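Chains as they are written, first to last, in the working numbering: chain A, 10 to 162; chain B, 12 to 406.
Report on the following structure.
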């Protein structure tokens, strides 16, 4: 059969969800919204402070019990600078980094803002593993991970 | 525990392409089923169970498309299950097939799947959805930048260079020229890779796999079944193992050496277990060829280290020395690998199929000479699910 004779059936998925952040996630977001504070949770056994906070430690398989205040400064552990447009994702360029914030034992992902990414060579000289960053908060916070981001120090 | 002797007796692969508008998903899957049964020399009534290899529903745009495909692959009247561990799906499906037979309850299983990425709007929009909605999805993480984080960390930790990564792409493309099933069959030079547009730094266009459409199937059988069939030249499954890492990539960035996102530590453990089961002490000497699930150049670097072909951080150097070339000590991805065809649902299954062809001497122009033992891997989730399968031409 000729290709131009083939019939195509258009379909789209458009599904709305309301995902619960859970009590642990809710407390984390409330602290960001109300106090501009980042909270992690400590494992009573291995003493690691997990960030983002989780109600259990995946290594010791016990409940985490203690909430810990995390510092607003940290170091980049991994990063990427995105120059490609992906459907449904932000317009490039943008940078994402995993940052080990002071007081946490696990790194948390977020955008790195406040830096000109138009020149890639210049950008990756500044955004690198080991670079120091500072957390910056959005003025109107909504209880989303995007209520804050990282800025190079 | 030593299970029954179990082998792969048939392999079926379509050519991997951008689109297949002449067939529906089940019709595409059927092509591989027919080819695999023909290769095995059996009829579909000989099958006593089926494992369907199908990854993300949203890539297909059909919820649970295994239902749609069951009739087309010969699933009627026999047990049928679907396996999904993301990119590792085909590896996990192979293991599920093996375990059916190892249990003693089954003797002949078809492991089959199909993928139609040509109908997927933007795979990365879908792959962003694998990240949790509470903490990570809104940070625009997808499969490409997930691997970029690994690449950046490998570069920092070991001094791996973009040039060394580019060599992986060049070799894969070169190998694919000899594989009629490969999707991308066009040679490139290191310079082409290095100057290709940046997708997610440090990964550039030619560091990345294509989006492919195609189907793959393998027939797995017990020794009892194989003897009754009178079939010779079998790819015996000597070792299988899987290992799961943490979901959150940030949990692999705390500086502890046994758990680093730079390294495929889950693959390291899976390989160790699979080698132990297969009685392999020195993989560098005892493995003749490897088919590795690596959708990005940097993913392969971490994988060859995890498989014990070289030490941690040495893969870049050994790529420069040509260790993984067709004429090298351990040819990696003679098929061209995932960088030249990535039909996600069956990509890891195609690694098993290719490894099977290698140990039975049926790999055509891409045959590695005298290959007796091969390893095939799968990687899925957030560089999280790992599968290793060791095949040999001896029981």
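Backbone N, C-alpha and C fix where the C-beta goes; we use that ideal spot for every residue, glycine too.
All of these numbers come straight from a predicted model, not from anything done at the bench.
Where residue i falls, given that 16 or more other Cβ within 10 Å makes a residue buried
i                     : result
residue 71 (chain A)  : exposed
residue 27 (chain A)  : exposed
residue 271 (chain B) : buried
residue 157 (chain B) : buried
residue 44 (chain A)  : exposed
residue 213 (chain B) : buried
residue 62 (chain A)  : buried
residue 186 (chain B) : buried
Closer than 8 Å at the beta carbon, the chain B residues around residue i
i                     : result
residue 11 (chain A)  : Ordered by position in chain B, no residue passes the 8 Å Cβ test against residue 11 (chain A), which lies about 10 Å from the chain.
residue 115 (chain A) : 259, 261, 262, 264, 265
residue 34 (chain A)  : 145, 146
C-beta atoms of residue i and residue j nearer than 8 Å
i                     : j                     : result
residue 159 (chain A) : residue 91 (chain A)  : no
residue 61 (chain B)  : residue 91 (chain B)  : yes
residue 389 (chain B) : residue 103 (chain B) : yes
residue 298 (chain B) : residue 384 (chain B) : yes
residue 139 (chain A) : residue 110 (chain A) : no
residue 255 (chain B) : residue 142 (chain B) : no
residue 294 (chain B) : residue 318 (chain B) : yes
residue 331 (chain B) : residue 175 (chain B) : yes
residue 136 (chain B) : residue 95 (chain A)  : yes
residue 288 (chain B) : residue 86 (chain A)  : no
residue 300 (chain B) : residue 369 (chain B) : yes
residue 244 (chain B) : residue 371 (chain B) : yes
residue 129 (chain B) : residue 29 (chain B)  : yes
residue 286 (chain B) : residue 379 (chain B) : no
Beta-carbon neighbours of residue i, restricted to chain B and to distances below 9 Å
i                     : result
residue 109 (chain A) : 261, 264, 265, 266
residue 67 (chain A)  : 257, 258, 259, 262
residue 53 (chain A)  : By Cβ distance, chain B contributes nothing, its closest Cβ being about 17 Å from residue 53 (chain A), past 9 Å.
Chain-ordered chain A contacts of residue i [CB-CB under 8 Å]
i                     : result
residue 210 (chain B) : 91, 92, 93
residue 150 (chain B) : 105, 118, 119, 120, 154, 155
residue 167 (chain B) : 137, 138, 139
residue 378 (chain B) : Under the 8 Å cutoff, chain A gives no residues; its nearest Cβ is about 35 Å from residue 378 (chain B).
residue 93 (chain B)  : Correct list: empty, because the minimum Cβ distance to chain A is about 19 Å.
Residue i: first and last residue of the uninterrupted beta strand (DSSP E) it sits in
i                     : result
residue 93 (chain B)  : 91 to 94
residue 1 (chain B)   : For residue 1 (chain B) there is no data in the structure shown, the boundaries of chain B being 12 and 406.
residue 71 (chain A)  : Note, residue 71 (chain A): premise wrong, no beta strand (DSSP E); not H, not E.
residue 107 (chain A) : 103 to 110
residue 117 (chain B) : Taken as a continuous stretch (DSSP letters only), residue 117 (chain B) belongs to no beta strand (DSSP E), as it is neither H nor E.
residue 63 (chain B)  : 60 to 64
residue 117 (chain A) : 117 to 122
residue 390 (chain B) : 384 to 391
residue 88 (chain A)  : 82 to 91
residue 49 (chain A)  : 47 to 51
residue 141 (chain A) : 141 to 146
residue 96 (chain A)  : Here residue 96 (chain A) belongs to no beta strand (DSSP E), and DSSP marks it neither H nor E.
Heavy atom of the ligand ATP within 7 Å of residue i beta-carbon
i                     : result
residue 153 (chain A) : With respect to small molecules bound, the structure shown includes none, and the ligand ATP cannot be examined in it.
Residues that residue i contacts on chain A, provided the C-beta gap is smaller than 7 Å
i                     : result
residue 132 (chain B) : 96
residue 72 (chain B)  : 20, 22
residue 326 (chain B) : Residues of chain A passing the Cβ test: none, with the nearest at roughly 18 Å.
residue 26 (chain B)  : Chain A residues near residue 26 (chain B): none, gap ~17 Å exceeds 7 Å.
Opening and closing residue of the alpha helix (DSSP H) in which residue i lies
i                     : result
residue 158 (chain A) : Note, residue 158 (chain A): premise wrong, no alpha helix (DSSP H); beta strand (DSSP E) at 157 to 161.
residue 360 (chain B) : 355 to 370
residue 17 (chain A)  : Here residue 17 (chain A) belongs to no alpha helix (DSSP H), and DSSP marks it neither H nor E.
residue 201 (chain B) : 201 to 206
residue 80 (chain B)  : 77 to 81
residue 183 (chain B) : 173 to 187
residue 71 (chain B)  : 68 to 71
residue 310 (chain B) : 308 to 317
Presumed contact (8 Å Cβ cut-off) between residue i and residue j, rounded CB distance
i                     : j                     : result
residue 98 (chain A)  : residue 124 (chain A) : Wrong, their Cβ atoms sit about 19 Å apart, outside the cutoff.
residue 113 (chain A) : residue 49 (chain A)  : 5 Å
residue 252 (chain B) : residue 404 (chain B) : Not a contact, Cβ separation roughly 20 Å.
residue 180 (chain B) : residue 44 (chain B)  : Incorrect: roughly 32 Å between the Cβ atoms, too far for contact.
residue 25 (chain B)  : residue 42 (chain B)  : 5 Å
residue 15 (chain B)  : residue 154 (chain B) : With a Cβ gap of about 37 Å, residue 15 (chain B) and residue 154 (chain B) do not count as contacting.
Cross-chain neighbours of residue i in chain B, by beta carbon under 7 Å
i                     : result
residue 129 (chain A) : 209, 212
Cross-chain neighbours of residue i in chain A, by beta carbon under 9 Å
i                     : result
residue 410 (chain B) : Past the edges of chain B, shown from 12 to 406, lies residue 410 (chain B), and the structure says nothing about it.
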